[in-house]
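Numbering (my numbering), first residue to last: 35 to 638. For glycine and all other residues, C-beta sits at the position ideal for the given N, C-alpha and C. Everything numeric in this text was worked out from a predicted model, so none of it was measured.
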């Protein structure tokens with residue numbers, strides 16, 4: 035991708051202006067400043083290009099005069115392909131001075147986030163400057179300390195500039211761009227949309243657009259024109275827009291960044307699938323995802339403004355993710371939580387969960403309204419007890435066929451990728467001894483795996499690996515939501531305490547004869563010892579209880595409905611569980627409204 039060279043006079047004018055403001059040079063007299071200026075050489079970096087990499091010798095310091103650079107950290111081998119952006123270096127700042135002062139190697143990688151101009155001051159000139167003018171060092175060190183302190187206090191950096199890349203001429207790109215710009219304007223103060231008429235502007239002009247706006251949309255052409263190339267270089271996030279109703283073969287627009295395999299970083303890539311008047315059909319999404327090229331995909335119906343608003347929040351890190359813990363029949367409390375959030379106007383943009391929490395979350399991700407959530411789960415779990423198909427207990431007490439049938443009736447042959455809201459569920463992988471997060475695949479199958487309580491239902495086998503109820507390892511997967519980095523997290527945990535007790539006088543296990551007598555003459559009384567199903571269910575949740583206690587602190591809003599009075603297997607407590615969830619959520623939201631404005635991240 036080519037980048038037009040700026041004129042020498044224009045670039046030098048920018049340099050002279052910046053030198054008077056940069057801490058290292060601001061206190062120099064005019065003659066000394068001219069000497070420094072003479073030592074500097076211009077480098078023009080296209081967006082995405084590397085300035086230097088970690089481990090290279092520190093042989094120069096650089097002055098940024100236009101555009102923006104990024105400082106990246108590689109914490110481990112796993113992050114080598116996805117470095118972490120830890121700081122931005124806008125015009126008027128230095129980069130590389132700390133390695134030069136310590137006379138060591140580069141500890142961080144630096145690359146251009148935008149088309150940028152930097153001026154290089156070699157090490158010999160830098161040493162001469164600090165030797166002849168030691169008064170510049172205190173100002174330089176103060177600047178470095180202030181910048182490091184500011185960077186340390188920042189939350190994860192969210193995109194502010196977006197390149198909208200239509201995958202073909204059939205995409206209603208103009209309509210989509212206007213709708214997205216309007217949605218972004220409801221988040222930020224000012225949104226600028228730039229088209230190909232801006233091609234001849236200099237990097238400084240684009241930097242000014244960003245400075246004056248909350249968000250900038252670059253509307254790329256449907257083909258790889260010079261303007262599209264510039265959009266690819268300038269954007270924080272590449273948003274590929276595809277008409278999901280078009281049966282034409284999928285192609286990757288412009289071979290996005292495939293030629294930059296050695297780049298320091300890769301921009302976030304998102305895929306937007308547009309639908310007209312209907313939700314995606316079962317199994318229709320997976321063929322459109324280009325083999326994992328995109329970080330995330332989003333289903334958007336242009337006739338539903340809530341879809342556009344949700345997309346805007348997710349793209350900019352202002353989304354609300356809801357995490358639902360498992361807990362047998364107590365998990366119906368999640369339905370009450372959802373009703374309360376919707377009634378209070380709190381958006382639900384992403385959902386995830388474990389076990390029964392994963393099943394309720396799947397209903398929310400399917401865009402079921404309050405009436406559908408109530409009716410569908412009542413029919414599946416209250417009118418039809420899912421744990422009633424006893425079998426010869428070689429692997430489990432129940433065959434699990436009834437649960438499978440209920441899940442297939444509720445969700446059909448839909449894939450997780452087909453869900454309207456971004457979604458994940460959790461299983462415990464007994465083969466690898468890890469908690470697995472599932473974001474792709476047949477939905478009912480992974481839900482069936484996520485509720486496979488060891489000993490109660492048969493485990494779920496996939497590709498030679500054995501999966502059981504996710505609550506065995508992680509019953510409250512709130513950190514998985516936080517790692518997405520799309521906004522704030524509301525965690526709904528379920529206290530599984532009080533789920534198991536025995537009569538005071540019961541010391542030994544009962545014989546079969548004792549059970550028979552009890553069933554014949556005192557069958558209406560509660561058994562003084564727990565059943566094997568309750569023992570297995572409680573045992574499955576014990577291991578993750580301490581982890582859940584730690585994870586509670588990771589949620590921006592934590593909701594824990596008091597549920598100990600409801601048995602884990604009492605499906606008939608459906609309405610009571612919903613009411614507890616609704617009431618507890620309303621109380622939590624009312625308390626949140628009394629917090630300082632900065633803490634009320636998700637309340638309108």
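According to the Cβ coordinates, are residue i and residue j closer than 8 angstroms?
i	j	result
residue 103	residue 150	yes
residue 251	residue 196	yes
residue 265	residue 304	no
residue 199	residue 278	no
residue 249	residue 194	yes
residue 512	residue 589	yes
Give the straight-line distance between the Cα atoms of residue i and residue j, rounded to the nearest whole angstrom.
i	j	result
residue 352	residue 607	36 angstroms
residue 456	residue 393	14 angstroms
residue 274	residue 306	6 angstroms
residue 247	residue 584	39 angstroms
residue 46	residue 332	45 angstroms
residue 377	residue 504	30 angstroms
residue 225	residue 218	7 angstroms
residue 596	residue 614	7 angstroms
residue 611	residue 366	6 angstroms
residue 213	residue 335	11 angstroms
residue 537	residue 603	With a pLDDT of 44 at residue 537, under the threshold of 50, the modelled position of that residue is not reliable, and no figure is offered here.
residue 58	residue 616	59 angstroms
residue 446	residue 469	25 angstroms
residue 358	residue 399	12 angstroms
residue 388	residue 484	6 angstroms
residue 243	residue 222	14 angstroms
residue 143	residue 452	38 angstroms
residue 497	residue 436	23 angstroms
residue 328	residue 390	29 angstroms
residue 99	residue 77	10 angstroms
residue 129	residue 117	18 angstroms
residue 55	residue 126	6 angstroms
residue 11	residue 460	The chain is shown only over 35 to 638; residue 11 falls outside these bounds and no answer can be derived.
Put residue i into one of helix, strand or coil per three-state DSSP.
i	result
residue 494	strand
residue 102	coil
residue 319	coil
residue 508	coil
residue 152	strand
residue 410	helix
residue 597	coil
residue 471	strand
residue 403	coil
residue 619	helix
residue 589	coil
residue 367	helix
residue 166	helix
residue 84	strand
residue 299	coil
residue 147	coil
residue 326	helix
residue 503	strand
residue 380	coil
residue 72	helix
residue 418	coil
residue 120	strand
residue 463	strand
residue 97	strand
residue 557	Low confidence applies here, because residue 557 scores a pLDDT of 45, under 50, leaving its location unreliable; read the following figure in that light. Here residue 557 sits in coil by DSSP.
Mind reading off the beta-carbon distance from residue i to residue j? Whole number of angstroms is fine, and I expect it under 8 angstroms.
i	j	result
residue 510	residue 525	7 angstroms
residue 148	residue 240	7 angstroms
residue 372	residue 407	7 angstroms
residue 52	residue 62	About 13 angstroms separates the two Cβ atoms, so there is no contact after all.
residue 507	residue 473	With 8 angstroms as the limit, residue 507 and residue 473 do not qualify as a contact, their Cβ atoms being about 17 angstroms apart.
residue 237	residue 101	5 angstroms
residue 414	residue 440	5 angstroms
residue 529	residue 598	6 angstroms
residue 515	residue 623	Residue 515 to residue 623, Cβ: 19 angstroms. No contact.
residue 364	residue 600	5 angstroms
residue 108	residue 88	6 angstroms
So what does residue i bridge to, in DSSP terms?
i	result
residue 91	139
residue 226	250
residue 449	476
residue 524	356 and 591
residue 604	Looking at the DSSP assignment, residue 604 forms no beta bridge with any residue, so it has no partner.
residue 274	199 and 305
residue 79	150
Less than 8 angstroms between CB atoms is the rule here; does residue i satisfy it with respect to chain B?
i	result
residue 321	As a matter of chain content, chain B is missing from the structure shown, which is built from one protein chain.
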